[in-house]
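Chains as they are written, first to last, in full-length UniProt numbering: chain A, 1 to 217; chain B, 1 to 217.
No residue lacks a Cβ here, since even glycine has one placed at the ideal position from N, Cα and C.
Just so you know, these numbers come straight off a predicted model, no measurement behind them.
There are 2 protein chains.
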Amino acid sequence: MVQYSKKIQAVPEPTIRRMPSYLAFAEGLLRKGQQFVSSTQIANYMNIDPTQVTKDLSYTTIVGKTRVGYEVKAIVDVLSEFLGFSVMDNAFLVGAGSLGSALLHDSGLNHFGLKIEAAFDINPSTIGRKINDVEVFHIDQFRDLAQELNVIMGIITVPAENAQTVADLMVAWGIKAIWNFTPARIKVPDDIIVQNTTLYSNLAIIFNKLHQDKREE
Amino acid sequence: MVQYSKKIQAVPEPTIRRMPSYLAFAEGLLRKGQQFVSSTQIANYMNIDPTQVTKDLSYTTIVGKTRVGYEVKAIVDVLSEFLGFSVMDNAFLVGAGSLGSALLHDSGLNHFGLKIEAAFDINPSTIGRKINDVEVFHIDQFRDLAQELNVIMGIITVPAENAQTVADLMVAWGIKAIWNFTPARIKVPDDIIVQNTTLYSNLAIIFNKLHQDKREE
DNA sequence: AATCAATAAAGAAATTTTTCTTTAATAAAA
DNA sequence: TTTTATTAAAGAAAAATTTCTTTATTGATT
Ligand SMILES: NC(=O)c1ccc[n+]([C@@H]2O[C@H](COP(=O)([O-])OP(=O)(O)OC[C@H]3O[C@@H](n4cnc5c(N)ncnc54)[C@H](O)[C@@H]3O)[C@@H](O)[C@H]2O)c1
Ligand SMILES: NC(=O)c1ccc[n+]([C@@H]2O[C@H](COP(=O)([O-])OP(=O)(O)OC[C@H]3O[C@@H](n4cnc5c(N)ncnc54)[C@H](O)[C@@H]3O)[C@@H](O)[C@H]2O)c1
Numbered sequence: 001m002v003q004y005s006k007k008i009q010a011v012p013e014p015t016i017r018r019m020p021s022y023l024a025f026a027e028g029l030l031r032k033g034q035q036f037v038s039s040t041q042i043a044n045y046m047n048i049d050p051t052q053v054t055k056d057l058s059y060t061t062i063v064g065k066t067r068v069g070y071e072v073k074a075i076v077d078v079l080s081e082f083l084g085f086s087v088m089d090n091a092f093l094v095g096a097g098s099l100g101s102a103l104l105h106d107s108g109l110n111h112f113g114l115k116i117e118a119a120f121d122i123n124p125s126t127i128g129r130k131i132n133d134v135e136v137f138h139i140d141q142f143r144d145l146a147q148e149l150n151v152i153m154g155i156i157t158v159p160a161e162n163a164q165t166v167a168d169l170m171v172a173w174g175i176k177a178i179w180n181f182t183p184a185r186i187k188v189p190d191d192i193i194v195q196n197t198t199l200y201s202n203l204a205i206i207f208n209k210l211h212q213d214k215r216e217e
Numbered sequence: 001m002v003q004y005s006k007k008i009q010a011v012p013e014p015t016i017r018r019m020p021s022y023l024a025f026a027e028g029l030l031r032k033g034q035q036f037v038s039s040t041q042i043a044n045y046m047n048i049d050p051t052q053v054t055k056d057l058s059y060t061t062i063v064g065k066t067r068v069g070y071e072v073k074a075i076v077d078v079l080s081e082f083l084g085f086s087v088m089d090n091a092f093l094v095g096a097g098s099l100g101s102a103l104l105h106d107s108g109l110n111h112f113g114l115k116i117e118a119a120f121d122i123n124p125s126t127i128g129r130k131i132n133d134v135e136v137f138h139i140d141q142f143r144d145l146a147q148e149l150n151v152i153m154g155i156i157t158v159p160a161e162n163a164q165t166v167a168d169l170m171v172a173w174g175i176k177a178i179w180n181f182t183p184a185r186i187k188v189p190d191d192i193i194v195q196n197t198t199l200y201s202n203l204a205i206i207f208n209k210l211h212q213d214k215r216e217e
């Protein structure tokens, strides 16, 4: 099959997954006043191979100094830029329940470039409330607001059975990416980016390792 | 290097990550009364290749019927057993803040075999409260309770800077696995299982795809 | 009854990701 | 000043994972 779309310097997904941790580690070192950090140190913190760190960083413009390591400040600056954390993107959150509220409270999202502009729900008792300064609107107001604000991402934290309905709404209102926290898989047009974040995968991995250990005894 | 520890029929981690979604899908079909499901259907739902589904399921005892597919009931039964979701494991949660409370409210954990027996905090205003029927104790009471109840997993949802302290406690009290929701990486003995669940990795992936799209235009 | 089409299963091939190896640089120690 | 040890970087090799190919089965269609 002929591939027409030029794949521009694709960075491996595992690499991108690790990068936010490198960044967080470097930010900590910066606060402590450390000027340089070696791949060995980072690898030790992450519990991975040092060459993995070097490879990962080689996808960016960061260059290290032999026998010294990488400049901490450079890692922080380049990585936040590289990961898109240094420009603020706007999002809407639909489903201001337990998980939705937790996300609204999480300052980490703000720190890493995501601003939740507004939340939506259908439950009259939540509508009108403010959660960590973010107002909760009725879902029907979604459209009007999306036009005013430059919102590119929709966060879904409704019960799984309503995920598709909400996704359809989001697509209709012109959102470019959807962050789906429900275990349900949603169907959207090809040009919409979907990121599923399912806790239960992690649970499965823990159980698997636990039981494997048991079997080895 | 000589490898002494026998690796028994290691199931690929990506496979285990996908399995909870297969299970959830099958559970939905079961509720709707559907008796058989093909790899094509599952793959379509998951947005992956059908042979991937077949491969994944081949790690279990499930066998499909040509031209028919897999028995939905069998997928549900075998997969929940295989993933360790059908026996209840006990956990403690430390840090009953925004995220901690959300997890305490999440019935999905219960459904997939994890029972949070108790929560711990240091904030006097949360201690003594009950969140979704789970009592919040002072962290100092951790030890006494761990002995009484058969708790194998510790869930960390405190601020990142306190993650290591909490992890050390958990190890001291004999916990076997730690589910770490903070961005900090913790250091524990080799025989302790650690699962890091960091939201910001997912955020990085979304941003990367968004910006890649922008560059391709 | 014969043909067709959809599917599971197994293995091969391709791709992706990680780990290993080599080289060169350079700070620290002798 | 010379040696040693540590490190980044680049490329090769290995390992893991996904996708492709082939085969056999069997329900549905003709
Ligand atoms: N709570 C957790 O820690 C947790 C963890 C992992 C995954 N999840 C998943 O996140 C999702 C939400 O979980 P939760 O615990 O926050 O549930 P929840 O019931 O606390 O919150 C869901 C919210 O969505 C609102 N809602 C329902 N339908 C809606 C619609 N059509 N439009 C707008 N709002 C709507 C409800 O009014 C409610 O406020 C679930 O799919 C769950 O599996 C939750
Ligand atoms: N809120 C979210 O949606 C979210 C999302 C992703 C990751 N996280 C991470 O989860 C962690 C917790 O976030 P949060 O938003 O729930 O914070 P939070 O401040 O709401 O809750 C933290 C809780 O931990 C308690 N605590 C602090 N030190 C403690 C200690 N030593 N022992 C016991 N309890 C202690 C606090 O009293 C508080 O109740 C953070 O690392 C955060 O980055 C949160």
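(request) Using the Cα positions of B/ARG17 and A/THR51, report the straight-line distance between them to the nearest angstrom. (result) Translated into the one-based positions of the second sequence, residue 17 of chain B becomes position 17. Translated into the one-based positions of the first sequence, residue 51 of chain A becomes position 51. Roughly 26 Å between the two C-alpha positions.
(request) Go through the residues and name those whose CB comes closer than 6 Å to any heavy atom of ligand 1, in chain order. (result) After applying the 6 Å Cβ criterion, the set is A/VAL94, A/GLY95, A/ALA96, A/GLY97, A/SER98, A/LEU99, A/GLY100, A/PHE120, A/ASP121, A/ILE122, A/ASN123, A/THR126, A/ILE139, A/THR157, A/VAL158, A/PRO159, A/ALA160, A/ASN162, A/THR165, A/VAL166, A/PHE181, A/THR182, A/PRO183, A/LEU199, B/ALA102, B/LEU103, B/HIS105, B/ASP106 and B/GLY108.
(request) Report the residue ranges of all alpha helix (DSSP H) runs contained in full by the region 63-100 of chain B; include only those spanning at least 4 residues, in chain order. (result) 72-82
(request) Please go through the same chain and pick out, in chain order, the residues whose beta-carbon is closer than 7 Å to the beta-carbon of B/SER86, but skip the five residues on each side of it. (result) Residue mapping note: residue 86 of chain B aligns to position 86 of the second sequence, counting from 1. Hits under 7 Å: SER80 and GLY113.
(request) Please compile the residues from chain A whose C-beta is within a distance smaller than 9 Å of the C-beta of B/GLN195. (result) In the second sequence, counting from the first residue as 1, residue 195 of chain B sits at position 195. Simply ASN202, LEU203, ILE205, ILE206 and LYS209.
(request) Taking B/ALA74 as the reference, give the member of B/LEU29, B/ASN44 and B/ASN202 with the closest Cα. (result) Here residue 74 of chain B is taken as the residue at index 74 of the second sequence, counted from 1. Per the Cα distances, B/LEU29.
(message) Measuring only the C-alpha atoms, how far is B/LYS65 from A/ALA167?
(response) Your numbering for residue 65 of chain B matches position 65 in the second sequence. Your numbering for residue 167 of chain A matches position 167 in the first sequence. About 34 Å.
(request) Identify the continuous alpha helix (DSSP H) that holds A/GLN41 and give its terminal residues. (result) Translated into the one-based positions of the first sequence, residue 41 of chain A becomes position 41. Run containing A/GLN41: 39-46, per the alpha helix (DSSP H) assignment.
(message) Tell me which residue opens and which closes the alpha helix (DSSP H) that A/ILE178 is part of.
(response) Along the first sequence, read from residue 1 onward, the residue named residue 178 of chain A stands at position 178. No alpha helix (DSSP H) contains A/ILE178, which is instead part of the beta strand (DSSP E) from 177-180.
(message) Quick check on B/GLN195: does DSSP put it in helix, strand or coil?
(response) Reading the second sequence from its first residue, position 195 is the one you call residue 195 of chain B. Strand, per DSSP.
(request) Would you check if there are 3 or more beta carbon pairs closer than 8 Å linking the region 151-168 of chain A to the region 178-186 of chain A? (result) Contact holds between the region 151-168 of chain A and the region 178-186 of chain A, because three or more Cβ pairs, one in each stretch, are under 8 Å apart.
(message) For a quick check, are the C-beta atoms of A/GLY108 and B/PHE207 less than 9 Å apart?
(response) Residue numbering aside, residue 108 of chain A sits at position 108 when the first sequence is read from its first letter. Residue numbering aside, residue 207 of chain B sits at position 207 when the second sequence is read from its first letter. No.
(request) For B/GLU13, go through chain A and note every residue whose CB falls closer than 9 Å to its CB, in chain order. (result) Indexing the second sequence from 1 puts residue 13 of chain B at position 13. Correct list: ILE205 and ASN208.
(message) Once DSSP output is grouped into helix, strand and coil, what is the label at A/ILE205?
(response) Along the first sequence, read from residue 1 onward, the residue named residue 205 of chain A stands at position 205. Helix.
(message) Could you tell me the alpha carbon to alpha carbon distance between A/PHE120 and B/VAL63, rounded to whole angstroms?
(response) Position 120 of the first sequence, counting from 1, holds the residue named residue 120 of chain A. Position 63 of the second sequence, counting from 1, holds the residue named residue 63 of chain B. Looking at the two C-alpha atoms, the distance is approximately 44 Å.
(message) To the nearest angstrom, how far is the alpha carbon of A/GLN141 from that of A/ARG67?
(response) The residue given as residue 141 of chain A occupies position 141 in the first sequence. The residue given as residue 67 of chain A occupies position 67 in the first sequence. Those two C-alpha atoms are separated by around 58 Å.
(request) Taking C-beta pairs closer than 9 Å, name the residues in chain B that A/SER173 reaches, listed in chain order. (result) Along the first sequence, read from residue 1 onward, the residue named residue 173 of chain A stands at position 173. Inspection of the sequence shows that residue 173 of chain A is occupied by Trp rather than by Ser. In chain order: nothing, as chain B lies at least about 17 Å away.
(message) Rounded to the nearest angstrom, what separates A/ALA24 and A/LYS130 at their Cα positions?
(response) To locate residue 24 of chain A, count along the first sequence from 1; it is residue 24. To locate residue 130 of chain A, count along the first sequence from 1; it is residue 130. Roughly 29 Å between the two C-alpha positions.
(message) Please tell me whether B/THR54 has its Cβ less than 9 Å away from any Cβ of chain A.
(response) Taking the first residue of the second sequence as 1, we reach residue 54 of chain B at position 54. Cβ-Cβ to chain A under 9 Å: no for B/THR54.
(message) On the criterion of 16 or more Cβ atoms from any shown chain inside 10 Å, does B/THR40 qualify as buried, or is it exposed?
(response) Within the second sequence, the letter at position 40 stands for residue 40 of chain B. B/THR40 comes out exposed.
(message) Let me check one thing: in DSSP terms, what residues is B/LYS130 bridge-paired to?
(response) Position 130 of the second sequence holds residue 130 of chain B. BP columns for B/LYS130 point to B/GLU135.
(request) List the residues of chain B whose Cβ lies closer than 8 Å to the Cβ of A/PRO20, in chain order. (result) In the first sequence, counting from the first residue as 1, residue 20 of chain A sits at position 20. Within 8 Å Cβ-Cβ: PRO183, THR198, TYR200, SER201, LEU203 and ALA204.
(request) Verify whether the separation of the beta carbon atoms of A/LEU210 and B/ILE152 is less than 9 Å. (result) Taking the first sequence and counting its residues from 1, one reaches residue 210 of chain A at position 210. Taking the second sequence and counting its residues from 1, one reaches residue 152 of chain B at position 152. The answer is yes: Cβ separation under 9 Å.
(message) Determine, for B/LEU57, whether the minimum Cβ-Cβ distance to residues of chain A falls below 9 Å.
(response) For the purposes of this step, residue 57 of chain B is taken as the residue at position 57 of the second sequence. So, not an interface residue.
(message) Suppose contacts are defined by Cβ-Cβ distances below 9 Å. Is B/PHE92 in contact with B/GLY69 by that definition?
(response) For the purposes of this step, residue 92 of chain B is taken as residue 92 along the second sequence, with counting starting at 1. For the purposes of this step, residue 69 of chain B is taken as residue 69 along the second sequence, with counting starting at 1. No, the Cβ-Cβ distance between B/PHE92 and B/GLY69 is not below 9 Å.
(message) Assuming B/GLU117 is part of the beta strand (DSSP E), what are its boundary residues?
(response) Position 117 of the second sequence holds residue 117 of chain B. Element bounds for B/GLU117: 114-121.
(request) Quick one: grab the DSSP three-state call for residue 224 of chain A. (result) In the structure as shown, chain A begins at 1 and stops at 217. Residue 224 of chain A is therefore absent and cannot be evaluated.
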